[in-house]
Each structure stands twice: as structure tokens, then as C-alpha cells.
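Okay, so the sequence shown: first residue is 1 according to our numbering, each after it adds one.
To start, the structure itself, in C-alpha cells.
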Amino acid sequence: MPIFNFKSPSAAFTVSDDSDAINFLKSNGNQYVNADTALQNSDIYSIVMQLSGDLATVQYKANMPRAQGIIDNPSATANGHAFWQSMFAQLMLAGECFAYRWRNNNGVDLRWEYLRPSQVSTYLLEDGSGLVYTVTFDEPEIGIKEYVPQSDMIHIRLLSKTGGMTGVSPLSALVNELSIKDASDDLTINALKQSIISPGTLSIKGGGLLSAKQKAARSRQFMGQISNSNNGPIVLDDLETYTPLEIKANVATLLNQVDWTSTQIAKVFGIPDSYLNGQGDQQSSLTMIKGMYANALNRYVTAIVGEMDSKLSANITADIRPAIDPLGDDFATLVASMAKDKMLAPNQAVWMLQYGGFLPDGIPAAIDPASQQITAKPPSEGGDTGNDNSTNQGSNQQQ
């Protein structure tokens, strides 16, 4: 009689070098900034909002109905777009995102549950044959699950320092930039405050005759005069001269660092800075900028599709056109150009526009008013290039 060993797999060590690396952005040696604080930066919020929204708009298509169903409706508590945008927003902030796969006894996915990085600990098995996870659920009835296998987790990663086992947050490359931006913001606020009530130098002729206490008392008296003047003129006698302090040129130049840090943030996430601050390279055309953004978006899509391919055992493809061309104008222009150059027949062009959702499915066949001949057939009659006999036959029936 065979003897089976049901010994639980043992985790040798944690994969992450930093216990908080997947939860927080390290701003300096001893401090951490959580995601809420990072999103208070307008540039980071803008880029995370845009990228996560566009990645959720991308159409992910599977060649299996079950896989397609769980991709379209993964969560029981949120709609598909909201779930995926939350996943991809976490991917932008932490470099990786997690979801637990609730499955039945046959291994069929029932729903996926979004997990914060703080709920998940990743471990490598002693023999290096795979990863296991310790997951802390918010539901008290579930509690903590240990030794969760890879097959039960959706774990999407970006750049990795551990051979693809964990991801690195893009924000980790912005430590210095964000520190400069914070200091620049503080300096700007102080400069604005001082532009209304600016400290300066009060020179009193014959000041050598005044003691330190008398100088301090005169300073307090003068500042009280400023605060009580209600933006009125300041009255000085012939023995006093007041000179407001000015911001040095090099300090004023530092106030412009806000644009520089915006460019750095866009560079870290790999998108054109014109998508972030509306300016960027003025020499680049709109088509070139959209092409660069499409390339950047495709880098993230590749990581997402790779994880879905691995866990769903299906062939997953992604169509990024809805994200970069929401109205379909560029697609229609391309199809029209191909039809004009005789690369597509008219009925093929109509079929492509209907397949892409630019034209409705029930559009009638196009008829040339002069010859009363059908010039383009709808997709329901076939996607071939057509022939003269069928066209003439349709024309006779029309007459």
C-alpha cells in the first residue's frame, strides 16, 4: 500500500528584500510614504489616473468563453472596469498588484478578490520550484491563508530585481525629484506669503546709539505698524529707511523646478511629458506623440497579458485601440486611405469599420445614384471582395 506524504511546503525565505518595499515608497533612509500621500502629488495622481484608466479600457480577449467571462466580470463587489483600474493603479504605484482567485472544486474561477500589497507576503519555496503566498483577508471568517500556491493568485509585475518574482515600484526612481518638488512647493508658498507682508531691513540713522533691546523693540513696533496699516502706506521719519528683502535670482530659478519634476515623473512612467503637463516637445506632431504613448501603453499591456496567459491557460490578446483612439477617427482615416489606394475593396472597408464599431451593423448597402449599382455590401453578405455577377444580380433585383 503506497504511503503519501502530505507535508506542507516550507518557505525558506521571503522574496522581498524590504518588508515595506511593496507597500510604500521609500522617500529617504528612515521614512516611508504611503500610496495616499503619493497620490496627493498632482503629477503622480494625473499619470496614475490616466494610465490605469487607459489600461482598463484596453480590450482583453480570450479564446475560451470561461476565461473571457472572468476577465469581463472578475469581481463580485465592483464592475469590471472599476476592478481593473484599481488593479492597474496599484501596479503603477507598487510595481505589482495582486488578486485572489476564488475557484470551485473543478478549478473554475468564480470571482477574483482584489488584495492590497500590505495583505500579501511572497515567499520562495526551499527547492526554488515556485512561489507561495501568505494572504491576510479583510473578512474575519477567512482570516489568514498560508501557503497559497501561485495558481490561486493573480500577480502582475513590472520591472523586477528578483528574476520576475516581484516588482519594483516606478516611484522608487523619483525620491530625489519628489524631495526637490516638495521643497520647491514650500518655497513658492513662502514667497507668496512674503509678497504680501515681506520682511525687510529697517535702517535707523544713528543706530549705533541704540541698544539691542531698543532695536528689537523698534522692530516689533514697526511690524505692528505694518499689520495695522491695512495695506496702507508706511510712515517713516527722516532717520529711518525701510528696504524689503528680495528673492535671489538662483532661488527664483529653483521655483521653476516644478516643470522639471513633471518631466521626470513622465519619463519614469515612460509616457510623453505632453500627456502630463500639456506642453512637452513642441516640435513633435500629435501623431508622433500618440504613437509614443501607444508604445508606452503596450509595455504595460504585455506584462498584464503575460500573467493572464499563464494563469488562465488561454490565449489572451489585447486591443489597445479603444484606449488611444476612443472615437475611432484615426482608424476610420486609415481604412479610408487603404480603400483609396485600392488596398481594400469598398465592401471590405465597410466590414472593417463595422467590426471596429465605427459604423453600426445595420447600415444598408451603399448604392451609386448614377448607375443604381451596389458599390459596397454590408458584412452580413460576406467579407470577400465581391464579383461582377453578384453585383449585377443585386443591381437587377434593386431595379
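Ideal placement from N, C-alpha and C gives every residue a C-beta, glycine not left out.
Quantities reported herein were computed from a predicted structural model and do not represent experimental measurements.
Three-state class that DSSP yields for residue i in the structure shown
i       : result
Val-58  : coil
Ala-345 : coil
Thr-172 : The sequence given here places Ser at residue 172; Thr does not occur at that position. Looking at Ser-172 - three-state DSSP - the assignment turns out to be helix.
Asp-325 : coil
Ser-52  : helix
Lys-181 : helix
Arg-116 : coil
Phe-269 : helix
Val-135 : strand
Pro-360 : coil
Asp-319 : strand
Pro-149 : strand
Ser-337 : helix
Ile-289 : helix
Glu-307 : helix
Ile-142 : coil
Asp-72  : helix
Ser-274 : helix
Thr-166 : coil
Ala-217 : helix
Asp-127 : coil
Option nearest residue i by Cα separation, candidates the options
i       : options                            : result
Glu-139 : Val-148, Gln-119, Gln-214          : Gln-119
Tyr-300 : Ala-349, Ser-313, Ala-56           : Ala-56
Arg-400 : Ala-294, Lys-340, Asp-185, Ser-184 : Lying before the first or after the last residue shown, residue 400 is absent from the chain, which here runs from 1 to 399.
Ala-67  : Lys-311, Thr-122, Tyr-114, Gly-95  : Lys-311
Tyr-123 : Val-48, Gln-59, Thr-162            : Thr-162
Glu-96  : Arg-111, Ala-78, Arg-116, Asn-79   : Arg-116
Pro-65  : Pro-346, Ala-314, Ser-285, Pro-326 : Ala-314
Gly-167 : Asn-106, Leu-93, Tyr-60            : Leu-93
His-155 : Leu-131, Leu-174, Tyr-147, Gly-143 : Leu-131
Asp-185 : Gln-40, Phe-358, Ile-363           : Gln-40
Val-175 : Asn-347, Leu-125, Gly-362, Ala-38  : Ala-38
Gln-150 : Met-165, Lys-181, Val-350          : Met-165
Pro-74  : Asn-104, Gln-221, Tyr-100          : Tyr-100
Phe-137 : Ser-129, Asp-127, Gly-128, Val-148 : Val-148
Ala-323 : Asn-298, Lys-213, Leu-187, Asp-36  : Asn-298
Asn-158 : Lys-213, Glu-307, Val-135          : The residue asked about is misnamed: residue 158 is Leu in this sequence, not Asn. Checked all of Lys-213, Glu-307, Val-135; the closest Cα to Leu-158 is Glu-307.
Lys-181 : Asp-127, Phe-358, Ser-42           : Ser-42
Pro-292 : Val-305, Ser-285, Pro-272          : According to the sequence as given, residue 292 is Met; it is not Pro. With distances taken between Cα atoms, Met-292 lies closest to Pro-272.
Asn-400 : Met-87, Ala-78, Gly-143, Asp-152   : As shown, the chain starts at 1 and ends at 399. That puts residue 400 outside it, with no answer to give.
Pro-326 : Ala-78, Thr-77, Phe-358            : Phe-358
Gln-50  : Thr-77, Asp-341, Lys-342, Ser-274  : Ser-274
Val-108 : Ala-78, Ile-144, Met-223, Gly-69   : Gly-69
8 Å Cβ cutoff, residue i in contact with chain D
i       : result
Arg-157 : Judged by its chain identifiers, the structure shown contains no chain D, having just a single protein chain.
Sequence-distant residues of the same chain with beta carbon closer than 6 Å to residue i, five excluded per side
i       : result
Glu-177 : Thr-261, Gln-264
Ser-172 : none
Trp-102 : Leu-110, Arg-111
Asp-309 : Ile-316
Phe-98  : Leu-115, Val-120, His-155
Glu-141 : none
Ala-216 : none
Cβ-based neighbour list, residue i, same chain, cut-off 7 Å, excluding 5 preceding and 5 following
i       : result
Gly-356 : Gly-328, Phe-331
Gln-85  : Ser-52, Gly-53, Ala-56
Leu-89  : In the sequence on display, residue 89 carries Ala and not Leu. Cβ neighbours of Ala-89 beyond the five flanking positions: Val-48, Ser-52.
Asn-63  : Ala-314, Asn-315
Phe-83  : Pro-74, Ser-75, Tyr-114
Ser-160 : Thr-166, Gly-167, Val-168
Lys-290 : Ile-324
Cβ distance (whole Å) where residue i is taken to contact residue j below 8 Å
i       : j       : result
Pro-170 : Val-268 : 5 Å
Gly-270 : Ala-296 : 4 Å
Val-58  : Ala-318 : 5 Å
Ile-71  : Tyr-60  : 5 Å
Thr-134 : Glu-146 : 5 Å
Sequence-distant residues of the same chain with beta carbon closer than 8 Å to residue i, five excluded per side
i       : result
Leu-344 : Val-335, Met-338, Met-352
Ala-349 : Val-335, Ala-336, Met-338, Ala-339, Ala-376
Distance cut-off 7 Å: residue i Cβ against heavy atoms of the ligand GTP
i       : result
Leu-124 : Among the components of this structure there are no ligands whatsoever, and the ligand GTP is therefore not found.
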